[in-house]
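Novice: Chains as they are written, first to last, in my numbering: chain A, 4 to 215; chain B, 4 to 215; chain C, 4 to 215; chain D, 4 to 215. Ideal Cβ placement from N, Cα and C applies to all residues, glycine included. Owing to the predicted nature of the structure, the values given are computational and were not obtained by experimental measurement. Below you will find the structure I want to go over with you.
Protein chains: 4
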Amino acid sequence: MPAVASSLSARVRRNEALSEIRTGEILTAATRVFGRKGYEATRAEDIAAAAGIAKGTLYLYFDSKEAIYSATVSRACRELRAELERHTAQVTGFQEKLRTALQVRLEYWTENQSIYRLLLTVGREQKHRRQTADFLRAAQRDYKTLLQDGVDAGEFACDDLEQLAWATLDLVRGASERRIDKLGESDPRQDALRITAFVLAQNTRRPSSRKR
Amino acid sequence: MPAVASSLSARVRRNEALSEIRTGEILTAATRVFGRKGYEATRAEDIAAAAGIAKGTLYLYFDSKEAIYSATVSRACRELRAELERHTAQVTGFQEKLRTALQVRLEYWTENQSIYRLLLTVGREQKHRRQTADFLRAAQRDYKTLLQDGVDAGEFACDDLEQLAWATLDLVRGASERRIDKLGESDPRQDALRITAFVLAQNTRRPSSRKR
Amino acid sequence: MPAVASSLSARVRRNEALSEIRTGEILTAATRVFGRKGYEATRAEDIAAAAGIAKGTLYLYFDSKEAIYSATVSRACRELRAELERHTAQVTGFQEKLRTALQVRLEYWTENQSIYRLLLTVGREQKHRRQTADFLRAAQRDYKTLLQDGVDAGEFACDDLEQLAWATLDLVRGASERRIDKLGESDPRQDALRITAFVLAQNTRRPSSRKR
Amino acid sequence: MPAVASSLSARVRRNEALSEIRTGEILTAATRVFGRKGYEATRAEDIAAAAGIAKGTLYLYFDSKEAIYSATVSRACRELRAELERHTAQVTGFQEKLRTALQVRLEYWTENQSIYRLLLTVGREQKHRRQTADFLRAAQRDYKTLLQDGVDAGEFACDDLEQLAWATLDLVRGASERRIDKLGESDPRQDALRITAFVLAQNTRRPSSRKR
DNA sequence: TATGAATGAGTTTTCATTCAT
DNA sequence: AATGAATGAAAACTCATTCAT
Chain A
4 MPAVASSLSA
14 RVRRNEALSE
24 IRTGEILTAA
34 TRVFGRKGYE
44 ATRAEDIAAA
54 AGIAKGTLYL
64 YFDSKEAIYS
74 ATVSRACREL
84 RAELERHTAQ
94 VTGFQEKLRT
104 ALQVRLEYWT
114 ENQSIYRLLL
124 TVGREQKHRR
134 QTADFLRAAQ
144 RDYKTLLQDG
154 VDAGEFACDD
164 LEQLAWATLD
174 LVRGASERRI
184 DKLGESDPRQ
194 DALRITAFVL
204 AQNTRRPSSR
214 KR
Chain B
4 MPAVASSLSA
14 RVRRNEALSE
24 IRTGEILTAA
34 TRVFGRKGYE
44 ATRAEDIAAA
54 AGIAKGTLYL
64 YFDSKEAIYS
74 ATVSRACREL
84 RAELERHTAQ
94 VTGFQEKLRT
104 ALQVRLEYWT
114 ENQSIYRLLL
124 TVGREQKHRR
134 QTADFLRAAQ
144 RDYKTLLQDG
154 VDAGEFACDD
164 LEQLAWATLD
174 LVRGASERRI
184 DKLGESDPRQ
194 DALRITAFVL
204 AQNTRRPSSR
214 KR
Chain C
4 MPAVASSLSA
14 RVRRNEALSE
24 IRTGEILTAA
34 TRVFGRKGYE
44 ATRAEDIAAA
54 AGIAKGTLYL
64 YFDSKEAIYS
74 ATVSRACREL
84 RAELERHTAQ
94 VTGFQEKLRT
104 ALQVRLEYWT
114 ENQSIYRLLL
124 TVGREQKHRR
134 QTADFLRAAQ
144 RDYKTLLQDG
154 VDAGEFACDD
164 LEQLAWATLD
174 LVRGASERRI
184 DKLGESDPRQ
194 DALRITAFVL
204 AQNTRRPSSR
214 KR
Chain D
4 MPAVASSLSA
14 RVRRNEALSE
24 IRTGEILTAA
34 TRVFGRKGYE
44 ATRAEDIAAA
54 AGIAKGTLYL
64 YFDSKEAIYS
74 ATVSRACREL
84 RAELERHTAQ
94 VTGFQEKLRT
104 ALQVRLEYWT
114 ENQSIYRLLL
124 TVGREQKHRR
134 QTADFLRAAQ
144 RDYKTLLQDG
154 VDAGEFACDD
164 LEQLAWATLD
174 LVRGASERRI
184 DKLGESDPRQ
194 DALRITAFVL
204 AQNTRRPSSR
214 KR
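Spelled out as structure tokens, the structure:
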């Protein structure tokens, strides 16, 4: 009976879709709560409440609080990456590309402070450290690639791109944290300009070459 | 009977000294454990075990786990400050002063990774955030003062010392964390030189002025 | 879909009823255990065990051991009051009313020795003293009202009803305690008669007035 | 060497005397503290502090907190008994003897509220109950003996001295507690008169006999 | 599938008792 | 004998996880 089989599989597909939606809702709630309270101080029930479901339901979608945390971090990383790619795709020119990459990340953190905290503050406890380290390394690699493109295009020179990429990341983190902790009053755009200037100041390429 | 009185007060003094030593031992143990596991994940008993005493003994010296944490942070701050003052006192010259300040801090963190974690990673959980923010602001102020001295001495110029001081702190934090997380292989000395170069590259004072 | 709505509210109602039952079971268990061991010597787990539930379950229904104690006392007071009202409603005549009030209370304590201990023995510890004092004052007021009714009806006279009411309460307490402590062998009925006689012996109204 | 032996035994005797004094100081302190806070809420250290000695010293004189409590109660009983005998010895006449006995006890409780609480409030927890019961029975026996003396002297009659003695005790307890709990404002003397009147009102001996 | 009541292991803290000085 | 620092068993309370409905 193909009809039945097909109807079954349709139902299965539909259920899978629903399940994915529910999973997403839980992760969104978890991001908010973990970001606000930290991993240990967050109770499973807090996440459930924030997601508008019952405590027990969490365990239909995840094995443990730990698993929810892991999935939350993974999704946040994927999301940020997508956001970055979406915005930097159409931009051209080294300097502009750099500024845009910085600004997008700074804006992303400004709008998603929970995710920032989740990745870079909460996640610093012993058992989540590797996940965070991986995330940082990926960000640094991005900046390094960007700088390398500048070098390849003859618009930039620096004898230690590796370190400059890390430094760039450090400045982004610092600016983001100060905004979150309300320790300054600049906006993401200003910060991006400042950090761009800072990076460009490390250019060892003789400016004279620009003359004709 | 002065002999008795003096012997009594001698005993009292000795006990007070022992008590201070014990307090210090607990704080040292607490720094290690909090630094490794974070505040929430650290059990009072872990600290006791690390200090080689029984659980109950902790409470002879501190009122609560929270109080132990607070005291641990305070002591770490005092210690770092003393270290900084001890090393920078004899150095002269803006550039050399900057490099020394950076190197001392980088070395201190390298040798006291637990304290770094305690102050800048662990302490970022909700209820300890203010303590950490205060600590960061103090560090930034130090760098700003140092830069201002350079400006006053006519050796440096920059239109936003505030932001440059923050940036310097960001770079120190980044370098320290990477060493702790084993994400690079530079040593504190190299890092200090690199960060000094970064900062000096922001100098807007015309080098030509030095001629003549 | 009214069916669903009604079924939902039915479930809610059912759960609330179950919750009330559970609360009652805990209070019953608590009365027994507090009465036997006293407040301090009773561990939360004892109450849970007596109620046939787990330690943690207590805290789904009450905020603290202290709260359980308070609720236990309140319920006991309400219960005794209801019992008294139920039995004395239909009785008429001063002497008969007095005897009935005494007997009901004596029987209640005989059948609810835990509650007696809870209210009048356990509750005498420092921090629960006020609750007990209030309870005693209420009982004394009841007896005073009863005696005043006798005076108003011209069947009794006494120049200090206040003190006589307290004395009546003292005798009831004494008789109850001796029964609980097995220090005598009278039954509540005999005790009630005896105390009634005792009180009536304080009558200062000339019996001669009854003549004619 | 008898001299040595005698000097040794003298020292032993002296030490025993000192030890007894110290024991007494501890019991005095313990009475105060137990009476104020109850058995469970009293910490060994509270007693030591009240006695002006160190915590550990308690255990040179007593085996446990429990033992201190027991000894405290025993001593209080002995003390009260001595007080009663001292005051009632010289009084003659049934009515006067009764009044004196009551007044002495009421005054004793007024001046020694801690001991009252210790014996009749604190001591009502499970494990101390027998001690309290014994104490109450002894008091009742005293009153019964006193009343029997009145009967033997032809000054009083009552068909149930046993119960009347208990009732007397109940009234004394009630009056004492109200004074301690500040629930009334009579003084011991008034209370003694009132209770005496109460008791005498139970006299079944024909008053006509008093006529000549 | 969803629920939320129930569980009990695990956490902080207290305090009677011990014991080295 | 006296001390008081140290101990660790025990208590109140929390919360991740399970499971009957």
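(1) Identify each residue in the segment 156 to 182 of chain C for which the Cβ-Cβ distance to at least one residue of chain D is less than 9 Å, and report them in chain order.
(2) Express the C-alpha separation of residue 101 of chain B and residue 150 of chain B in angstroms, rounding to a whole number.
(3) What are the boundary residues of the alpha helix (DSSP H) that includes residue 88 of chain D?
(4) With a threshold of 7 Å between beta-carbons, can residue 126 of chain D be considered close to chain C, or not?
(5) Which same chain residues, not among the five before or five after residue 192 of chain A, have their C-beta less than 7 Å away from its C-beta?
(6) Should residue 196 of chain D be flagged as near chain C, meaning a C-beta pair shorter than 7 Å?
(7) Using a Cβ-Cβ cutoff of less than 7 Å, which residues in the same chain neighbour residue 4 of chain C once the five nearest sequence positions on both sides are dropped?
(8) Find the nearest neighbour of residue 57 of chain C within the set C:28, C:208, C:186, judged by alpha-carbon distance.
(9) Following the continuous alpha helix (DSSP H) through residue 56 of chain C, name the residue where it begins and the one where it ends.
(10) Is the segment 170 to 182 of chain D touching the segment 108 to 123 of chain D in the sense that three or more CB pairs, one from each, lie closer than 8 Å?
(11) Between which two residues does the alpha helix (DSSP H) carrying residue 135 of chain A extend?
(12) Residues of chain D with CB closer than 9 Å to the CB of residue 43 of chain C, please, in chain order.
(13) How many angstroms separate the CA atom of residue 127 of chain C from the CA atom of residue 137 of chain D?
(14) Taking a Cβ distance cut-off of 9 Å, strictly less, list which residues of the segment 133 to 146 of chain B are near chain A, in chain order.
(15) Going along the chain, which residues of the segment 99 to 118 of chain B sit with their C-beta nearer than 9 Å to a C-beta in chain A?
(16) In chain B, which residues lie less than 9 Å from residue 150 of chain A when you measure between Cβ atoms?
(17) Restricting to Cα atoms, I'd like to know which of B:185, B:169, B:182 is closest to residue 194 of chain A.
(18) For residue 180 of chain D, does the three-state DSSP call read helix, strand or coil?
(19) Is residue 204 of chain A close to chain B? Criterion is C-beta to C-beta, closer than 7 Å.
(20) Taking buried to mean at least 16 other C-beta atoms within 10 Å of its own C-beta, is residue 133 of chain D buried or exposed?
(21) Kindly indicate which three-state DSSP category residue 65 of chain A falls into: helix, strand or coil?
(22) Taking the CB atoms as reference points, tell me whether residue 121 of chain A and residue 26 of chain A lie closer together than 7 Å.
(23) Evaluate the contact criterion for the segment 153 to 160 of chain B versus the segment 60 to 74 of chain B: three or more CB pairs, one atom per stretch, below 8 Å.
(24) In the DSSP assignment, the alpha helix (DSSP H) including residue 94 of chain B goes from what residue to what residue?
(25) Tell me the rounded alpha-carbon separation between residue 6 of chain C and residue 16 of chain A.
(26) Let me see if you follow: with CB-CB separation under 7 Å, is residue 190 of chain C close to chain D or not?
(27) Are residue 143 of chain A and residue 172 of chain A touching if we call contact CB-CB under 7 Å?
(28) Quick one: Cα of residue 55 of chain B to Cα of residue 48 of chain B, how far?
(29) Hey, how far is the Cα of residue 37 of chain A from the Cα of residue 91 of chain B?
(30) Consider the Cβ of residue 207 of chain C: report whether some Cβ of chain D lies at a distance smaller than 7 Å.
(31) Ignore the nearest five residues each way along the sequence and tell me which others in residue 79 of chain C's own chain have a CB closer than 8 Å to its CB.
(32) Please go through the same chain and pick out, in chain order, the residues whose beta-carbon is closer than 6 Å to the beta-carbon of residue 86 of chain B, but skip the five residues on each side of it.
(33) Can you confirm whether residue 49 of chain D, when its beta carbon is compared against all beta carbons of chain C, has any partner nearer than 7 Å?
(34) Answer with yes or no whether the minimum CB distance from residue 66 of chain B to chain A is below 7 Å.
(35) Please report the residue range of the alpha helix (DSSP H) in which residue 116 of chain C lies.
(36) Can you give me the C-alpha to C-alpha distance between residue 197 of chain D and residue 163 of chain C, rounded to a whole angstrom?
Specialist: Here's the rundown:
(1) 163, 165, 166, 167, 169, 170, 172, 173, 174, 175, 176, 177, 178, 180, 181
(2) 8 Å
(3) 68 to 91
(4) no
(5) 106
(6) no
(7) Legend: pLDDT at residue 4 of chain C = 42, less than 50; position of this residue unreliable, value from coordinates given subsequently. Counting only Cβ-Cβ distances below 7 Å, and skipping sequence neighbours, we find nothing.
(8) C:28
(9) Element bounds for residue 56 of chain C: n/a, residue is neither H nor E.
(10) yes
(11) 132 to 155
(12) 41, 42, 43, 44, 128
(13) 20 Å
(14) 135, 136, 139, 140, 143
(15) none
(16) None at all; the shortest Cβ gap to chain B is about 14 Å.
(17) B:169
(18) helix
(19) yes
(20) exposed
(21) coil
(22) no
(23) no
(24) Premise fails: residue 94 of chain B is in no alpha helix (DSSP H) and is neither H nor E.
(25) Legend: pLDDT at residue 6 of chain C = 45, less than 50; position of this residue unreliable, value from coordinates given subsequently. Their backbone Cα atoms lie some 30 Å apart in a straight line.
(26) no
(27) yes
(28) 10 Å
(29) 41 Å
(30) no
(31) 34, 115, 118, 121, 122
(32) 111
(33) no
(34) no
(35) 116 to 123
(36) 10 Å
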